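Let me begin by presenting the structure, written as structure tokens, before commenting on it.
Residue numbers (our numbering), protein chains in the order written: chain W, 5 to 218; chain H, 5 to 218; chain G, 5 to 218.
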């Protein structure tokens, strides 16, 4: 009971940190494209909730995460206002590594949770893995499409979706052996986040399609 | 009864005028991007019905507006053919203000109606307001994404989504006090359209994100 | 019975060839945009299944085609890996005409099938025709949006969506007279694919919107 509470609190912490990291990536991208504050709010919102919402549309799940937990919508709006005040004040940029860690663990949690929801809905394994990747990655894809960019996750040669894909299979392996519970969730998060952080530290590259990858 | 009929006819008129204004914005944007008539039809269709359709997908409502009222689909196709003939004949552009007024009242109606549908579905207030904004604004966002542009509503610094957002709260305030009926709808339309027309007349700007807003 | 088996095998063959042609168009476009292999997989997947998935979302049909037949997901992943190896080996490009034929018949099948699904769901005729076009065409639209291009089908002046639209009405005409069975499907496929191949052979153009179409 006590252990479950601790695990629950830990997962909530990862969820909050991950959502804020996703949201912040949207705000930063909107800033780069010189959007106004309305555009920043929209792109931030899509970056934070787009992946989970697309997964829920595909799995026909209602209500959406941000409908059940509508406090998150207020949090994203607050983040936009705070970010705007921060930029007005021309403060120095915060260091990058906390956001990279929050993003890595958040993506791990969202991918594992997305894989688990598809599993609970009785989907085939490859579809479960895809739903995990969609959950973790498509907020960023929507962010980039709305900013009129080729999605970074498709073209920057840095492992991201691949980490979510491998982590989804780690979730599925444990889920087959042991049920889709805490242990599967932990395996998915650990593999996804671990691979992601290792890839960043080692500078691993996703291969390109041409003969001379950049 | 008689009053209700008059109100109903008025709302139908706003709906038709607003849908045509939304559709026309799609046709004009397709022209600017040198699309062919197929592209013009598609972009016109998304501009006219995209916002309401996204709202219905998110709220899991069926059938869509344009399925129930499939005459609107024919009207949009007719608008594309007429617009094409008009451009072939190289007539002078029509004056802009009727379209701005039709757009402002149409957006007011669609936002208030979208807010009301989310309210009827029992969503939290902030989600109702977002659904109102989505209904009024996302046709234009889809139009711009299909035209490979950064959505104008995110970056042109002209108040548009903000008007819909404030109007949605006006709807909600009256709906809490008096039920989600004619009076709430009227409040939503009046606040959204009034703010929008005032913003255009006064040249109000939505703040940017940098230190030197354009 | 025997005839039905033959027809069934023929339709399966068209479905497989059409899906691979759609998928390949995604892979080729991803290559042109210098995406990495993750982007290639995503764009290939959207090109292959995007149109049918959007139709199913709009008609509220579950499970999706690629969930029921999850072997197709593996086939698309295999195509991406094979295409990547092919490009690494710098083999000469394969000839274009098999892909054009597979695409034309595949689009014919997907459009007719999409029209038929909307018909079975009791939609108005114009909505059935639109659903047929969406099924045949929107995979390519999503492919181009993800590649940050104006959708080719909207702007290249080559008849494509128009062929699907006319074929959808051929399906509907036979379906009204004779029921939505094999004969309607055959009519839809024949008209769509025939028009498409004729348009390519004769160099027919879709009219533009300006006074001097390119």
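Virtual Cβ for every residue (Gly too), placed ideally from N, Cα, C. All of these numbers come straight from a predicted model, not from anything done at the bench.
Original post:
Between the C-alpha atoms of residue 116 (chain H) and residue 22 (chain W), what's the straight-line distance to the nearest angstrom?
Top reply: Your numbering for residue 116 (chain H) matches position 112 in the second chain. Your numbering for residue 22 (chain W) matches position 18 in the first chain. Distance between the alpha carbons of residue 116 (chain H) and residue 22 (chain W) is about 33 Å.
Original post:
How about residue 50 (chain G): is its Cβ closer than 7 Å to a heavy atom in the ligand NAD?
Top reply: This structure does not include the ligand NAD; it has no bound ligands of any sort.
Subject >> Element boundaries [alpha helix (DSSP H), containing residue 49 (chain W)] >> reply: Against the first chain, residue 49 (chain W) aligns to sequence position 45. It spans 41-63 - the alpha helix (DSSP H) in which residue 49 (chain W) sits, taken as one unbroken run.
Original post:
Between the segment 28-50 of chain W and chain H, which residues of the former have CB atoms less than 9 Å from a CB of the latter, in chain order?
Top reply: 31, 34, 35, 37, 38, 39, 40, 41, 42, 43, 44, 45, 46, 47, 49
Original post:
So, is the C-beta of residue 103 (chain H) closer than 8 Å to a C-beta in chain G?
Top reply: Along the second chain, read from residue 1 onward, the residue named residue 103 (chain H) stands at position 99. Closer than 8 Å: no.
**OP:** Whole angstroms is fine: what's the gap from residue 52 (chain H)'s alpha carbon to residue 124 (chain H)'s?
**Re:** The residue labelled residue 52 (chain H) in the question sits at position 48 within the second chain. The residue labelled residue 124 (chain H) in the question sits at position 120 within the second chain. So the alpha carbons of these two residues sit roughly 23 Å apart.
Original post:
Should residue 11 (chain H) go down as buried or exposed, given a rule of 16 or more other Cβ atoms within 10 Å for buried?
Top reply: Position 7 of the second chain, counted from the first residue, corresponds to residue 11 (chain H). Residue 11 (chain H) should be labelled exposed.
Original post:
Taking the alpha helix (DSSP H) that residue 66 (chain H) falls in, what are its first and last residues?
Top reply: Indexing the second chain from 1 puts residue 66 (chain H) at position 62. Counting along the chain, residue 66 (chain H) falls outside any alpha helix (DSSP H), and DSSP gives it neither H nor E.
Original post:
Just how far apart, CA to CA, sit residue 18 (chain H) and residue 195 (chain H)?
Top reply: Locating residue 18 (chain H) in the second chain gives position 14, counting from the first residue. Locating residue 195 (chain H) in the second chain gives position 191, counting from the first residue. About 15 Å.
**OP:** Ignoring anything shorter than 4 residues or poking outside the segment 67-140 of chain H, list the alpha helix (DSSP H) runs there in chain order.
**Re:** The DSSP assignment places 69-72, 75-92, 101-124 as complete runs of the alpha helix (DSSP H) inside the segment 67-140 of chain H, in order along the chain (cut-off: 4 residues).
Original post:
Of all the residues that make up the segment 56-82 of chain W, which are near chain G by a beta-carbon distance shorter than 8 Å?
Top reply: 61, 62, 64
Original post:
Leaving out five residues before and five after residue 45 (chain W) in sequence, what residues of the same chain have Cβ atoms less than 7 Å from its Cβ?
Top reply: Your numbering for residue 45 (chain W) matches position 41 in the first chain. Non-local beta-carbon contacts of residue 45 (chain W) in its own chain, meaning distances under 7 Å to residues more than five positions away in sequence, involve 81, 84 in chain order.
Subject >> residue 36 (chain G) versus residue 29 (chain G) - alpha carbon distance >> reply: Here residue 36 (chain G) corresponds to residue number 32 of the third chain, with the count starting at 1. Here residue 29 (chain G) corresponds to residue number 25 of the third chain, with the count starting at 1. For residue 36 (chain G) and residue 29 (chain G), the distance between alpha carbons rounds to 11 Å.
**OP:** Would you give the residue range spanned by the alpha helix (DSSP H) that residue 160 (chain H) belongs to?
**Re:** For the purposes of this step, residue 160 (chain H) is taken as residue 156 along the second chain, with counting starting at 1. Run containing residue 160 (chain H): none; DSSP gives neither H nor E here.
Original post:
Can you tell me where the alpha helix (DSSP H) with residue 167 (chain G) in it begins and where it stops?
Top reply: Counting from one through the third chain, the residue named residue 167 (chain G) turns up at place 163. Residue 167 (chain G) -> alpha helix (DSSP H) spans 165-182.
**OP:** With a threshold of 16 other CB atoms inside 10 Å of the CB of residue 70 (chain W), please say whether the residue is buried or exposed.
**Re:** Within the first chain, numbered from 1, the residue matching residue 70 (chain W) stands at position 66. Residue 70 (chain W) comes out buried.
Original post:
Is there a Cβ from chain W that is less than 8 Å from the Cβ of residue 149 (chain H)?
Top reply: Locating residue 149 (chain H) in the second chain gives position 145, where the first residue counts as 1. Yes, residue 149 (chain H) lies at the interface with chain W (some Cβ there is under 8 Å from its Cβ).
**OP:** For residue 166 (chain G), count neighbouring C-beta atoms within 10 Å of its own C-beta (all shown protein chains included) and say buried if the count is 16 or more, exposed if not.
**Re:** Counting from 1 along the third chain, the entry for residue 166 (chain G) is found at position 162. The residue in question, residue 166 (chain G), is buried, as its Cβ has 16 or more Cβ neighbours within 10 Å.
Original post:
With C-beta atoms as the reference, is residue 168 (chain H) less than 8 Å away from residue 212 (chain H)?
Top reply: The residue labelled residue 168 (chain H) in the question sits at position 164 within the second chain. The residue labelled residue 212 (chain H) in the question sits at position 208 within the second chain. No, the pair does not count as a contact, with Cβ atoms beyond the cut-off.
Original post:
With a cut-off of 8 Å, do at least 3 Cβ pairs link the segment 176-195 of chain H to the segment 147-157 of chain H?
Top reply: no
Original post:
Which residues in the same chain have their Cβ closer than 6 Å to the Cβ of residue 144 (chain W), if we skip the five residues on either side of it in sequence?
Top reply: The residue you call residue 144 (chain W) lines up with position 140 of the first chain. Result list for residue 144 (chain W): 157, in chain order.
**OP:** Give the residues of chain H in contact with residue 152 (chain W), contact being defined as C-beta atoms less than 7 Å apart.
**Re:** Here residue 152 (chain W) refers to the residue found at position 148 when the first chain is read from its first residue. Going along chain H in sequence order, the residues near residue 152 (chain W) (Cβ under 7 Å) are 152, 153, 154.
**OP:** Can you tell me which of the three DSSP states residue 290 (chain H) falls into?
**Re:** This structure cannot speak to residue 290 (chain H), because chain H is shown only from 5 to 218.
**OP:** In the DSSP assignment, find the unbroken alpha helix (DSSP H) run with residue 206 (chain G) in it and report its ends.
**Re:** Locating residue 206 (chain G) in the third chain gives position 202, where the first residue counts as 1. Run containing residue 206 (chain G): 186-206, per the alpha helix (DSSP H) assignment.
Subject >> Members of the segment 161-173 of chain W that neighbour chain G once the beta carbon cut-off is set at 9 Å >> reply: 161, 162, 163, 164, 165, 166, 169
Original post:
Applying a beta-carbon distance threshold of less than 9 Å, which residues of chain G neighbour residue 187 (chain W)?
Top reply: In the first chain, residue 187 (chain W) corresponds to position 183, counting from 1. Result: empty, since nearest Cβ-Cβ is about 25 Å, beyond 9 Å.
Original post:
Given that a residue counts as buried once 16 or more other Cβ atoms are within 10 Å of its Cβ, and exposed if not, what is residue 48 (chain W)?
Top reply: Walking along the first chain from the start, residue 48 (chain W) turns up at place 44. Buried is the call here.
Original post:
Is residue 176 (chain W) buried or exposed, if buried means 16 or more other CB atoms sit within 10 Å of its CB?
Top reply: Numbered from 1 along the first chain, position 172 holds the residue referred to as residue 176 (chain W). Classification of residue 176 (chain W): buried, given that the 10 Å Cβ count is 16 or more.
Original post:
List, in order along the chain, the chain G residues whose C-beta lies closer than 8 Å to that of residue 199 (chain W)?
Top reply: Your numbering for residue 199 (chain W) matches position 195 in the first chain. In chain order: nothing, as chain G lies at least about 13 Å away.
**OP:** Report yes if the CB atom of residue 163 (chain G) is closer than 8 Å to the CB atom of residue 199 (chain G), and no otherwise.
**Re:** Here residue 163 (chain G) is taken as the residue at index 159 of the third chain, counted from 1. Here residue 199 (chain G) is taken as the residue at index 195 of the third chain, counted from 1. Yes, these two residues count as a Cβ contact at 8 Å.
Original post:
Cβ of residue 53 (chain G) less than 8 Å from any chain H Cβ?
Top reply: On the third chain, position 49 is the one that residue 53 (chain G) refers to. It does not: the Cβ of residue 53 (chain G) has no partner Cβ on chain H nearer than 8 Å.
Subject >> Residue closest to residue 78 (chain W), alpha-carbon to alpha-carbon, out of W:148, W:150, W:91, W:20 >> reply: Sequence index remark: in the first chain, residue 78 (chain W) carries index 74 (1-based). Considering only alpha carbons, the answer is W:20.
Subject >> is_contact[residue 134 (chain H), chain W] using C-beta, thresh 8 Å >> reply: For this step, residue 134 (chain H) is matched to residue 130 along the second chain. At least one chain W Cβ lies under 8 Å of residue 134 (chain H).
Original post:
Can you list, in chain order, the residues of the segment 107-139 of chain H whose Cβ is nearer than 9 Å to any Cβ on chain G?
Top reply: Flagged: no residues at all.
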